[in-house]
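Q: Have a look at this one.
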Ligand code: SF4
Ligand code: SF4
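Residue numbers (our numbering): 6 to 383.
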């Protein structure tokens, strides 16, 4: 066996064929949970954070409550006391504070009656409840992580794997990084500079409505009223770029993309070290949309549904998902502009300036996990 094979982390994979195998997705989740050893990971009465994304209003691609309930029951059977959790957003959507966030989670089906666990927003009412954790890395000596995930005894991150306008894709690493960070931590990670092209702006006002810092205003141009950003107050959250459907807002990817991703991965590193030996990951390769679940829509998927995966190494898990997505043929009627062929990069086909590989490469270089994985089909 080569050194590379010895270093490979196991990633457990359940495909989606059901009729021939006589197995529902819930049954597949149950087998993944035990095969990956998650049933032995948590102790009796451990408070276990089930790290979720409840989806922005209008989005419907988040992990389905029926699957979340299956995980909750498995954790209870293992003796743990699970709760569902996420952190508040930087931008002014429906998840900006714990009250609206919890109500939206209910609206999306995450009630106790459905999922059999309470929802606890991890960073408190307005995102001010967090703990600083030392990391001693290139960008940060410490990271700010939400109190409820820090104070839990263990964590199981459930991630919808999909594309992302800045980081290329979003999976377990992004769920750790942005997902476990309060507003301060999200600001730490973003810090990018966005610009508006007045030639493409149609003055729809979407960016003004969603900017959390009121950093966008109207300005007069020869073409008429156009949006413009005040760089002094902009926190670089990128929400305006996500909301602009006309491609008028962009950032200097060449200078900002890698630094943004590295900052994100340093936060993921801190979050992955909160509960040594008690952090598990499941990725859902279903509804593989081009944008993250913070978008108030769910665009057509880029590729067909693939399956559900589980691992204890988030780097290996995300790399396996990245490869599985790219191995698929892309859908013609999707955001893919190119790279439709099996084996071509679907995330670049959707957002040309992104480089998803930076996530794995930097994560492995700081000891977060292994890029090398062994895909174990169950
Ligand atoms: S969202 Fe885009 S098109 Fe609309 S006002 Fe802002 S920059 Fe202009
Ligand atoms: S202008 Fe800055 S603060 Fe406002 S939404 Fe855009 S990136 Fe975020």
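All C-beta atoms, glycine included, are put in the ideal place defined by N, C-alpha and C.
Going straight from the alpha carbon of residue 217 to that of residue 28, what length do you get?
A: Taking the straight line from one Cα to the other gives about 45 Å.
Q: Give me the Cα-Cα distance between residue 224 and residue 245, rounded to the nearest whole angstrom.
A: In a straight line, the C-alpha of residue 224 is about 16 Å away from that of residue 245.
Q: Compute every distance between the C-beta of residue 241 and the non-hydrogen atoms of ligand 2, then say whether any falls below 7 Å.
A: Yes.
Q: Between residue 257 and residue 202, what straight-line distance do the alpha-carbon atoms span, to the nearest angstrom?
A: Looking at the two C-alpha atoms, the distance is approximately 12 Å.
Q: Determine the DSSP secondary structure at residue 248, reduced to helix, strand or coil.
A: Here residue 248 sits in helix by DSSP.
Q: Taking contact to mean 3 or more Cβ pairs, one atom from each stretch, closer than 8 Å, check whether the stretch 37-54 and the stretch 314-325 are in contact.
A: Yes, the stretch 37-54 is in contact with the stretch 314-325.
Q: Apart from the five residues just before and just after residue 363, which ones in its own chain have a Cβ nearer than 6 Å to its Cβ?
A: These residues qualify, in order along the chain: 263, 266.
Q: Hey, residue 151 and residue 187: beta-carbon distance below 8 Å or not?
A: The answer is yes: Cβ separation under 8 Å.
Q: For the alpha helix (DSSP H) holding residue 78, just list the boundary residues, first then last.
A: Where residue 78 is concerned, the enclosing alpha helix (DSSP H) stretches over 70-82.
Q: Whose CB is closer than 6 Å to a heavy atom of ligand 1? List the residues in chain order.
A: In chain order, the hits are 201, 206, 207, 208, 209, 210, 211, 212, 232, 248, 249, 251, 253, 254.
Q: Please confirm whether any heavy atom of ligand 2 lies closer than 7 Å to the CB of residue 96.
A: At least one heavy atom of ligand 2 is nearer than 7 Å to the Cβ of residue 96, so yes.
Q: Quick check: is any heavy atom of ligand 3 less than 7 Å from the C-beta of residue 258?
A: Here the bound small molecules are ligand 1 and ligand 2; ligand 3 is not part of this structure.
Q: Nearest to residue 308 by CA position, among 289, 330, 323, 324, is which residue?
A: Selected option, being the one with the closest Cα: 330.
Q: Which residues does DSSP list as the beta-bridge partners of residue 137?
A: Residue 137 is bridged to 149.
Q: Is residue 326 near ligand 2, judged by its Cβ being under 7 Å from some heavy atom?
A: Not so, every heavy atom of ligand 2 lies at least 7 Å from the Cβ.
Q: Within the present structure, is the beta-carbon of residue 265 separated from the nearest heavy atom of ligand 2 by less than 7 Å?
A: No - ligand 2 has no heavy atom lying nearer than 7 Å to the Cβ of residue 265.
Q: Give me, in chain order, the residues of the same chain whose beta-carbon lies closer than 6 Å to that of residue 311; leave out the 5 immediate sequence neighbours on both sides.
A: 290, 329.
Q: Hey, residue 13 and residue 377 are a contact pair by Cβ (cut 8 Å); roughly how many whole angstroms apart?
A: The Cβ separation is near 4 Å, so the contact holds.
Q: For residue 298 versus residue 61, is the C-beta distance shorter than 8 Å?
A: Yes, Cβ-Cβ distance for residue 298 and residue 61 is below 8 Å.
Q: Please confirm if the stretch 270-286 is in contact with the stretch 151-163, defined as three or more CB-CB distances below 8 Å between the two stretches.
A: These segments touch.
Q: Could you tell me which residues DSSP pairs with residue 379 in its beta bridges?
A: Partner(s): 15.
Q: Which one of 303, 349, 313, 332 has the shortest CA to CA distance from residue 67?
A: The shortest C-alpha separation from residue 67 is found at 303.
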